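Inspection log for the structure reproduced underneath, given as structure tokens.
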Amino acid sequence: MASLFPNARTDPELAPFRPGLVFAFFNALAWQIGIGTPMVLFAEQLGASPFEVGLAYSFVFILTPFQIISTALLPRYGFKALMLGGWRTRSFFLAVPAVLAVLAARGEERWMVHALVASVFFFCVFRSIGAASGTSWFYAILPANVRGRYFASDQFVSAVAGVGTLLASVALFALLPVYPALLAQYVIALVGSTISYFSLKKLPDAERPSSISLRTVLRDTPKHLFAPSTFRRYVWLAVGCAVLATPIPPFAAYYLKSGPKFTTGQIMMFEVLRYSGVMVAAWVIRRRIDITGARPFFLLALGLYAIVAVYWWFFLKSELGGMTGIFASYFLLGLGAATWAIANLNYLPKIVGAEERTLTVSIHGAVTAFIGGMSPIVWGLFLKNEDGFARSINPEVFQWFFVSVAVGAIVLSTLMARLPEEKGQPVDPILIGNAILRPFRAMTYLVNLVELRPVRKEEPRDK
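Residue numbers (our numbering): 25 to 487.
If you want it as structure tokens, here you go:
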């Protein structure tokens, strides 16, 4: 594993920030399990309804306003203390599902669903506190000449850890009964979260920043969201895409487990294909987007969502394509999500002025994440089966869900095609580390109300 990380011989400029890359690697173990598909499958196994699953999956999005409020703590506590506090506390709530896995093996109780959903809520609360510091802290301590390499390395090590975690989950579900497999996964998440915390402690702190006041945010946000501008047009189109796409991963996994009764191991293999689509997009598109511009990739992403939605409509009608078709749809879903995320990070700098970039990008991230995150909650209310069984999705309503995705993608495509863009315009894309590898949550990482100081305060690194 040492070859994953730079050292004084392989990259002397990046070596001092090796603990940050160790953090990225082990942090991937925690988020893949704690707020990913294993959490969804755990909730379904306990008997959670579609609404409860949608609610738990949405916490990471709908708590974005809490992340904005947390930036007000940065001038008082600084980057390092705030992120360490958030990451330390969120780890405690990974222990709750581990205990539930032990208890549920002896018999499932209704209160266990409530306990799992509550643990995800508090995990996401303290994750939001830490995330208010994360990206800004790394920007503050990284020299400008190594930022690009650092964030590229961040994506690489996170991808290795993410795929490894998914494959380990597949193996655990194949070899063990479901609850011992879930217990093992949450132990892995706890270990990853603990190591990532102690890796963060080894990084230097930076000068305490000043942040944009909440009063300024409240005053200027309506202007940016509703005054005529290219930014206003684009942000509401992005919100529309988030509303369409965000509910697909949790409810697809939930339906496959509760409807046609795919095994948990098979569903995790589908997730491996989705992640593979994300990585293919990250590798291919970034090499071409500067030449073609972002708009063609927005249209490509929406087209992929429409194809996925049409396929799922037929699958729900007649199980068309079977497992092979589901594999393909998951790959295309990952490809589409990452395509949109990468295009977004390249398009935003072209339509916002440098003097207002911090606030406008944060507004875009917060509004898109929050409203998009409400979509699984609302759809969860409609997808509940009327026959009284909590652990099931109404297939007819689920078909209408995919009709809405297909129609919405077509409508958004016609509007997106009219967005102005100057091809070949030189622009530095927004760098937010491994968020590209988590495209459905990438918008939460755009929230950054920090005004960085030009001089970094050097501190001795912890040994």
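Idealized CB from N, CA, C, for every residue including glycine. Quick caveat, the model's predicted, so the values are computed rather than measured.
Identify whether residue i lies in helix, strand or coil by the three-state DSSP scheme.
{"i": "residue 474", "result": "strand"}
{"i": "residue 382", "result": "helix"}
{"i": "residue 193", "result": "helix"}
{"i": "residue 281", "result": "helix"}
{"i": "residue 456", "result": "coil"}
{"i": "residue 272", "result": "helix"}
{"i": "residue 234", "result": "strand"}
{"i": "residue 408", "result": "strand"}
{"i": "residue 401", "result": "helix"}
{"i": "residue 395", "result": "helix"}
{"i": "residue 132", "result": "coil"}
{"i": "residue 315", "result": "helix"}
{"i": "residue 59", "result": "coil"}
My understanding is that residue i touches residue j, with C-beta atoms under 8 angstroms, so please give their C-beta distance in whole angstroms.
{"i": "residue 153", "j": "residue 255", "result": "Not quite, the Cβ-Cβ distance comes to about 28 angstroms (not below 8 angstroms), so this is no contact."}
{"i": "residue 317", "j": "residue 445", "result": "5 angstroms"}
{"i": "residue 149", "j": "residue 90", "result": "6 angstroms"}
{"i": "residue 137", "j": "residue 67", "result": "7 angstroms"}
{"i": "residue 310", "j": "residue 366", "result": "6 angstroms"}
{"i": "residue 340", "j": "residue 440", "result": "About 27 angstroms; that fails the 8 angstroms criterion."}
{"i": "residue 278", "j": "residue 74", "result": "6 angstroms"}
{"i": "residue 471", "j": "residue 88", "result": "6 angstroms"}
{"i": "residue 156", "j": "residue 106", "result": "7 angstroms"}
{"i": "residue 271", "j": "residue 98", "result": "Not a contact, Cβ separation roughly 33 angstroms."}
{"i": "residue 468", "j": "residue 84", "result": "7 angstroms"}
{"i": "residue 301", "j": "residue 54", "result": "Actually they are not in contact, since the Cβ atoms of residue 301 and residue 54 sit about 22 angstroms apart, beyond 8 angstroms."}
Please list, in chain order, all residues of the same chain as residue i whose beta carbon is under 6 angstroms from its beta carbon, the five residues on each side excluded.
{"i": "residue 473", "result": "95, 235, 236, 386"}
{"i": "residue 426", "result": "333, 336, 337"}
{"i": "residue 298", "result": "354, 357, 358"}
{"i": "residue 183", "result": "303, 461"}
{"i": "residue 305", "result": "359, 362, 363"}
{"i": "residue 203", "result": "125, 128, 129"}
{"i": "residue 47", "result": "220, 223, 224"}
{"i": "residue 423", "result": "337, 340"}
{"i": "residue 389", "result": "467, 470, 471"}
{"i": "residue 212", "result": "53"}
Identify which residue in the options has its Cα closest to the Cα of residue i.
{"i": "residue 100", "options": "384, 366, 290, 231", "result": "231"}
{"i": "residue 337", "options": "324, 420, 354", "result": "420"}
{"i": "residue 218", "options": "409, 114, 31, 280", "result": "114"}
{"i": "residue 276", "options": "28, 48, 38, 62", "result": "62"}
{"i": "residue 44", "options": "422, 464, 428, 173", "result": "173"}
{"i": "residue 295", "options": "281, 381, 273", "result": "273"}
{"i": "residue 147", "options": "178, 167, 314, 111", "result": "111"}
{"i": "residue 78", "options": "92, 116, 212, 140", "result": "140"}
{"i": "residue 186", "options": "292, 285, 93", "result": "292"}
{"i": "residue 251", "options": "442, 384, 314, 212", "result": "384"}
{"i": "residue 465", "options": "285, 81, 315", "result": "81"}
{"i": "residue 151", "options": "443, 313, 86, 378", "result": "86"}
{"i": "residue 49", "options": "178, 168, 40, 315", "result": "178"}
Given this structure, state the Cα-to-Cα distance separating residue i from residue j, to the nearest angstrom.
{"i": "residue 214", "j": "residue 283", "result": "31 angstroms"}
{"i": "residue 239", "j": "residue 121", "result": "38 angstroms"}
{"i": "residue 192", "j": "residue 162", "result": "30 angstroms"}
{"i": "residue 269", "j": "residue 33", "result": "44 angstroms"}
{"i": "residue 118", "j": "residue 189", "result": "16 angstroms"}
{"i": "residue 241", "j": "residue 103", "result": "20 angstroms"}
{"i": "residue 176", "j": "residue 225", "result": "22 angstroms"}
{"i": "residue 371", "j": "residue 342", "result": "40 angstroms"}
{"i": "residue 407", "j": "residue 51", "result": "33 angstroms"}
{"i": "residue 159", "j": "residue 329", "result": "29 angstroms"}
{"i": "residue 430", "j": "residue 142", "result": "33 angstroms"}
{"i": "residue 405", "j": "residue 35", "result": "52 angstroms"}
{"i": "residue 416", "j": "residue 60", "result": "19 angstroms"}
{"i": "residue 348", "j": "residue 280", "result": "14 angstroms"}
{"i": "residue 131", "j": "residue 69", "result": "11 angstroms"}
{"i": "residue 428", "j": "residue 399", "result": "12 angstroms"}
{"i": "residue 454", "j": "residue 382", "result": "11 angstroms"}
{"i": "residue 245", "j": "residue 433", "result": "27 angstroms"}
{"i": "residue 133", "j": "residue 71", "result": "9 angstroms"}
{"i": "residue 345", "j": "residue 352", "result": "9 angstroms"}
{"i": "residue 31", "j": "residue 452", "result": "27 angstroms"}
{"i": "residue 253", "j": "residue 307", "result": "32 angstroms"}
{"i": "residue 208", "j": "residue 135", "result": "22 angstroms"}
For residue i, collect the residues of the same chain with a Cβ closer than 7 angstroms to its Cβ; drop the 5 residues on either side in sequence, then sort them by chain order.
{"i": "residue 263", "result": "391, 392, 395, 396"}
{"i": "residue 289", "result": "194, 197, 198"}
{"i": "residue 210", "result": "57, 118, 121, 122, 125"}
{"i": "residue 436", "result": "261, 264, 265, 326"}
{"i": "residue 170", "result": "37, 38"}
Does any C-beta atom of chain C lie closer than 7 angstroms to the C-beta of residue i?
{"i": "residue 355", "result": "Considering every chain present, this structure includes no chain C. It has just one protein chain."}
Give every residue of the same chain whose Cβ lies closer than 8 angstroms to the Cβ of residue i, excluding the five residues on either side of it in the sequence, and list them in chain order.
{"i": "residue 180", "result": "28"}
{"i": "residue 409", "result": "416, 417, 418"}
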